[in-house]
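Those sequence lines, one after another, are chains H and W. According to our numbering, the residues represented by the first sequence are 1 to 1105, in order. According to our numbering, the residues represented by the second sequence are 1106 to 1414, in order.
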Amino acid sequence: MHLHAINVVARYEVKLLKRSWLFRIFAILILLILVLAQLQQSTTLFSSSQETWESTALSSFIPFFTTYPYNIAQSIIVVFLAGSFLKRDKKLDTAEVIYVRPMSNAEYIVGKVWGITRVFTGLNLLVLLLSVFVNLFLSNSPFSPIPYLFYLFTISIPSLWFVLGFSFTVMTLLRNQAVTFVVVLGWIGVVLFYLTDKQYGLFDFFGVHIPSIFSDVTGLAHPQLFLLQRSVYLLAGIGFICMTIALMKRLPHRPWKTKVLGVLTAVLLLSAGFAAQRYLACFSRLKSIRSEYAAVYNQYGENPRARVLEHRLSVEPRDGRLQGESRLTVENPHAEPLSSLLLYLNPGLQIVSAESDGRELNVVRNRQAAEFDLSLAPGAQAELLIRYAGPVEEEVCYVDVEDEEFFANPKVGFSFFRYGKRYVYLEDRFTLLTPECLWYPVTEPPVYPAAPYKIRKNFSRYELTVIHPGRLTAVSQGTGTAADGKTVFTNKTLLSGISLTLADYEKKSIRVDSTDYELYHFPGHDYFTSYFTDLQDTLPAVIRQIRNTIEVATNRDYLFDKFVLAETPLPFTGYIRNWKGYTEQVMPEILFLPEKGMRTRSDFRASEWQMKRWQEGADLLEKDELQARVLDQYAMSTFNQESAWRSWDEAMNPFNVAPLFYGHTEFVRSDTFPVLDVALNTLQSLTESAARVWFFSFELTNKQRANEYLKKHSFEEAMSDSTLTPKVFYELLKLKCGDLKNYITARVPQKDFDSFMKAWFQAHLFRETPAVEFFRSFRERFGLDLEAYIHTWYTVSASPLILLKEVEAHTVVADEMTKYRISFKAYNPSGVDGIITARVQNGGRASGGYVWGGGPADVGDAENFIIPARSAREIKMIRDERPNQVTINTNISQSLPSEFTFRFSKVDTEVQDTTRGIFPVDSARFAEDPREIIIDNESPGFRVVESNKKQKLKAWFRKEPEDKYMNYLPFYAPSKWTAAINNSFYGTPVRFAHYKNRGSGKNSVEWHAEIPAGSYYDISVWVPKLESFQFGRRNRRRQNSQTQTYTVVYGNEKESIPVDFQQAEQGWYSLGNFSLPAGEVVIFLTDKVSAPYVVADAVKLTKMR
Amino acid sequence: MNIRIKELSKIYPDGHKALNNLNLDIEPGMFGLLGPNGAGKTTLMRIMTLLQSASAGTIYFDDYDIAKDRRAIRSVLGYLPQDFRFFEKLKTWEFLDYGAGLAGIKGVRKRKEVVDEMLRKVGLYDVRDRWANRLSGGMKRRLGIAQAIIGHPKVIIVDEPTTGLDPEERIRFRNILSEVSDQDVIIILSTHIVGDISSTCKKLALLNKGQLKFEGSPDDMIDLAQGKVWEIFVTDVEFKEMKEKYPVISTIPSDGGWDIQVVAENLEGMGGKQIPPNIEHAYVYFMDYLLQDRMEMYADKETAGDLFK
């Protein structure tokens, strides 16, 4: 190839492109939009309340924020330009004067590609330079040129070439510009909207949805995978460009060159395919190796395990390998002898030698399992010395975590920064080892995938010696003494496991009330001190207050001598596993926080600003008080919150410190109820969280799913049910623990129960205690047989049905004062006892108690009432203040939604009855009225006549949720009839209705009723009062009228009755009286309505007297 | 340089034989290519410019074979297609610069010299910075020939270059070509305006239905028609008869009738007078009498037939 010809073609391609209006408009728009977006996102120029930290903390954030939209916009515009360029060349006579020139086809196409690349790369550089400017002068973000260049060469250019080559090829094959646009843009759209996360991001030719964020310490989480994925599109792009050359309608200089090009194209495309296959193979290899490790855990799961009493270990991490020496004292705690000793050790670590009492031990290795020929009589102890060396395999971690969760690709907050996940670091610049990776030998495996709750805790005395370069700081549990390139950690308490971190750390520490608070951060990562400069004197008080708040919330004392916050690279991840009770991010004494406080509420500047402006009275606070509040807010949201900061999907908070108070300090062992330990911890840490509202998802919440599950399954079944996702299981666990707590606190004052729990666990610290001891203590203290209840609680496979009636609020004069009485009747026709929680809210402002993220809400005071099976009760509560609403939660029950809110707009009638409490009433009050025929959405008489059959494109790619019901979304109406649940709908136990968007009248629903004998009937329809937020002027205008027309067909008659939902009250709305003959009567409703949506709920026919 | 066309055939996929075993030698100088529509001229030129391939036979540019030595052949070619537009958004000088660059002229300064010289030669220097597609028709044609001859090609192929140009532009255009043809260059000129050929070409070839029917100088062709061109005065009735029988070449209304020129073997009995033929007469005579492929001299007949068939 002649470079001269390529350059000439490229030079003129550049000129033509630069002079194209399409490109000019694109360039101006992209520069403008990106710069404005960048300024908005990363600086406080537009709004001081802007939280910029999540967009600026790491040096790769700003370049990636630019690269992401640029790359997508570039791809779209390239399709248009590629199409018009080939169209230009199709003007034959013009092309021919060029085609007769002596350049080869390859030189011509390569010249064009080079020209386009120069222009787009130039624009990309310009955009990046503007970002550099923002980076350096307008934001607080650290600057590094590497991500800028890296993204340019690995993201922008490969995707440019791919789109270019792909568009050229499609255009050359189809010879039609419009069809090419549709095909290529369609493909881009499908990739962007549906395929980004499919097959581990293989389809993402943009390269912006695979983990691409750099840790400032360790770089990309998985550089090889990233580069492999990018090479797929680089090779494919070049392959398609070669194919375009081969398919070019111009005689080649030498005919054999076309064949060569054909071969080259095939080789390149096959290489791309091979790279894609390798990329997928990495994941499938990981999958299969994970299942192999899981199989090994399961294989030895039921083997009797020895206990490690003492573990003195010495390790030296060097050159990506670990060299270790473990001196273990083990004991056989069983009544049976152990014929061999089973230990678990990372499969990468080879056992160099093992001896006991001077005898060399033989070992049989099966991946992470190691069986030593050491027999132990019951109660016997032995000393072991094991030496091992090798790399630490990351794949052995979290083999029990479901693939979907394991391979999920998380983002920082609400951004599109994907950072990838790492579980082990063993690198020169950073080492982080947790018990999950088996970096030292243990007898108790970290997981037992087949029966996770059978995992126990082995509290041992650890002593750790780390040999490391002097420039690095070692962080582990216990008191560390560093000398001569060695740090020795000794522990006062027994621990269930230890971690090791080795990094170039800077340390900040403070001692408050005999506890050392230590903070280790990477050099240059102290972004926080400047926000707390005025806190110097008051810091101990603030820390004391935070600690106190958490201790009160957990009902426990902090028992360790130190509390360490250690910074980790952003990708370091731990999984929340219900059976474990803690993540690897919260180890005894140590909490691992992601780099620069990412994934936590760490924008202290914005926090301070927002607090000053938005919190009442905060503007008058002294600076140190304000800073104390900011620190307190950070600590509470990070350490004391159940939900993760900024999670879309009910994710749990991995930094919740509750395990430091429960999981790492004790263990209650029960072979009958293996979940007991976790359940006792969970019920103590349960907070009254308000219902969450999810504006963006139809789907049932995990709590609703858990409740649905418990209708037919027991807790015991749930424990081994692999179809339950961990999140649903966690909600189920919380429901059951809440139920257990409600059961106890309905009989025992909560205060007494709390103090009992605290005292009991205080007496059983750092050891395993049999459950019988707990039950005995409980019985002695409260006289209740908790074990018997737990048996039912654990095995019952049905849930109660609670019907509510006559929920009222009245004034009452008691103790010579006007008070308020709230009363309602509840009936439980099922065979299982039910527990309801009633919560009265005072004040004039009605609020649904919805809180973003499910944090604690103003939930009022709650009272629990047991409604025994097959009986009815009246509940009466007296309040001093005027009640605004009462929320009755049926907890575990068949009701969906399970929470009923009754609002009291007027409380003006006075009653004389001043009693309070729970009283039996006649269940006949709840009997059905024989004169009524009700056809609800689940009745056989209800039919959805014609549903919209149109299949949407997304249905091909997205798995629709399998739930029978959806949650009603106030701002969105589906195009198909959808069964949605909402409190204002009619139904028992599930309050749901069918609804869909306004249509042409082709879709309808029918209610069929059989009239036994001709008579006068009142026909009523159920009118729900729904929250409705319709966007757009058109919809708002229409909202003034929400008329649905019901048509009643009986005998030979047909009558249409409009019902204005805007005017009608919530409840039954009469369509009128009808003289109905015996036989079938049909009421139907079409989707041709004036409102943006149509709701089809229940119909009632009442025989007139 | 010499061009040798050897047994060249081109059969299109629909079976149409555009060229049929064509043999022709072309020597330096201007060479005219004549023939009616569909004779195969364009196909021949497209094969020569390597824009399409031959079905059989080959063409040698000296020793370069079109099947093998395409880069070498392309580097000696200049081409001006008939209906030639310019890329939008290129200036006059840029278009030439692009051509010069592709023709292999390296160096910005060198290319600028060549382009400026060429612009002066074709009289476009003053409009060098104007967008090429904003030039007048004649200017565009001059820019077209300029891009074809830039870089001193040895073979220049020009398709219908003067169609639609005013006489002044035509003369100017011919002069540019003549100037180039002095430099041991083959210029192949395909045209319908036979006058262009007589005034510029030393040799010409006539193609019909894909075959070579005549090869020689314009004078050789004119000689064939000596004594076959007649001038005669006819009445309206006679004029109609004449039109039926003979190709009428010119018609001038005269008192009570028409002064017409016809091509015929013999018109003596009708009072016609022989006049010396020109190349146009020769072309009509050749086609009508020697090839027995009668030309339709009246557009209305043909069109009406097409429309109402």
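Cβ atoms here follow ideal geometry from the backbone N, Cα and C, with glycine treated the same way. Every value quoted in this text rests on a predicted model; they were computed, and no experiment measured them.
{"query": "Beta-carbon proximity list for H:Q350, same chain, < 7 Å, skipping 5 on both sides", "result": "Y388, A389 and G390"}
{"query": "Chain-ordered neighbours of H:A5 on chain W, where CB pairs are closer than 9 Å", "result": "G1206, L1207 and G1209"}
{"query": "Backbone CA spacing between H:M243 and W:L1317 [nearest angstrom]", "result": "40 Å"}
{"query": "W:D1170 - DSSP class collapsed to helix/strand/coil", "result": "strand"}
{"query": "Coarse secondary structure for H:Y972, derived from DSSP in three states", "result": "coil"}
{"query": "Proximal chain W residues relative to H:K259, where beta-carbon distance stays under 9 Å", "result": "Residues of chain W passing the Cβ test: none, with the nearest at roughly 15 Å."}
{"query": "Test: W:R1179 CB closer than 9 Å to a CB of chain H", "result": "yes"}
{"query": "Complete runs of the beta strand (DSSP E) confined to the segment 765-842 of chain H [at least 3 residues]", "result": "768-770, 803-814, 817-828 and 834-842"}
{"query": "Beta carbon proximity, H:L16 to chain W, threshold 9 Å", "result": "yes"}
{"query": "Chain-ordered chain H contacts of W:S1158 [CB-CB under 7 Å]", "result": "L251"}
{"query": "Cα-Cα separation, H:I546 to H:N640", "result": "10 Å"}
{"query": "The segment 443-455 of chain H / the segment 281-300 of chain H touching (three or more Cβ pairs under 8 Å)", "result": "yes"}
{"query": "Close-in-space but distant-in-sequence residues of the same chain around W:L1155 (CB under 8 Å, 5 per side omitted)", "result": "I1171, R1175, I1178, R1179 and L1182"}
{"query": "Host beta strand (DSSP E) of H:T172 (start-end)", "result": "That residue, H:T172, is in no beta strand (DSSP E); its alpha helix (DSSP H) goes I157 to L174."}
{"query": "Nearest to H:R24 (by Cα), restricted to the options H:V100, H:S75 and H:L123", "result": "H:L123"}
{"query": "Enclosing beta strand (DSSP E) for H:Y1017 [first to last residue]", "result": "S1015 to V1023"}
{"query": "Range covered by the beta strand (DSSP E) that runs through H:P883", "result": "P883 to N889"}
{"query": "Selection from W:D1360, W:S1359, W:P1352 and W:T1356 that minimises the alpha carbon distance to W:D1393", "result": "W:P1352"}
{"query": "Cross-chain neighbours of W:R1176 in chain H, by beta carbon under 9 Å", "result": "P102, M103, S104, H253 and R254"}
{"query": "For W:Y1165, the residue or residues it bridges with in DSSP", "result": "W:R1109 and W:D1170"}
{"query": "Continuous alpha helix (DSSP H) stretch holding H:P223: start and end", "result": "P223 to L247"}
{"query": "Residues sharing a beta bridge with W:W1236, DSSP", "result": "W:K1196"}
{"query": "Neighbourhood of W:R1216 by C-beta, 8 Å cutoff - its chain only, sequence neighbours within 5 removed", "result": "D1202, A1205, G1206 and I1210"}
{"query": "Partner residues on chain W for H:Y99, Cβ-Cβ distance less than 7 Å", "result": "L1156"}
{"query": "Neighbourhood of H:M966 by C-beta distance below 6 Å, restricted to the same chain and skipping five residues each side", "result": "F698, T978 and A980"}
{"query": "Closer than 8 Å at the beta carbon, the chain H residues around W:K1436", "result": "Within the shown structure, residues of chain W are numbered from 1106 to 1414, placing residue 1436 of chain W beyond reach of any answer."}
{"query": "Any non-hydrogen atom of the ligand MG within 8 Å of H:P410 CB", "result": "Of the ligands one can find in the structure shown there are none, so the ligand MG has no counterpart to examine."}
{"query": "H:F865 - containing beta strand (DSSP E), residue span", "result": "D861 to I867"}
{"query": "Span separating the alpha-carbon of W:F1189 from that of H:T94", "result": "6 Å"}
{"query": "9 Å Cβ cut-off: residues of chain W touching H:E96", "result": "R1151, T1154, L1156, Y1184, P1186 and F1189"}
{"query": "Best match in H:L322, H:A872 and H:G1014 for proximity to H:A1078 [C-alpha to C-alpha]", "result": "H:G1014"}
{"query": "Same chain, Cβ closer than 7 Å to H:I744, neighbours up to 5 away in sequence not counted", "result": "F753"}
{"query": "Close Cβ partners of H:P588 (< 6 Å) along its chain, the five nearest in sequence each way excluded", "result": "Q477, L495 and H664"}
{"query": "Minimum Cβ-Cβ distance from H:Y12 to chain W less than 9 Å", "result": "yes"}
{"query": "H:L593 classed as buried or exposed, judged by whether at least 16 other C-beta atoms fall within 10 angstroms", "result": "buried"}
{"query": "Entirely enclosed alpha helix (DSSP H) segments - the segment 41-85 of chain H, minimum 4 residues", "result": "53-56"}
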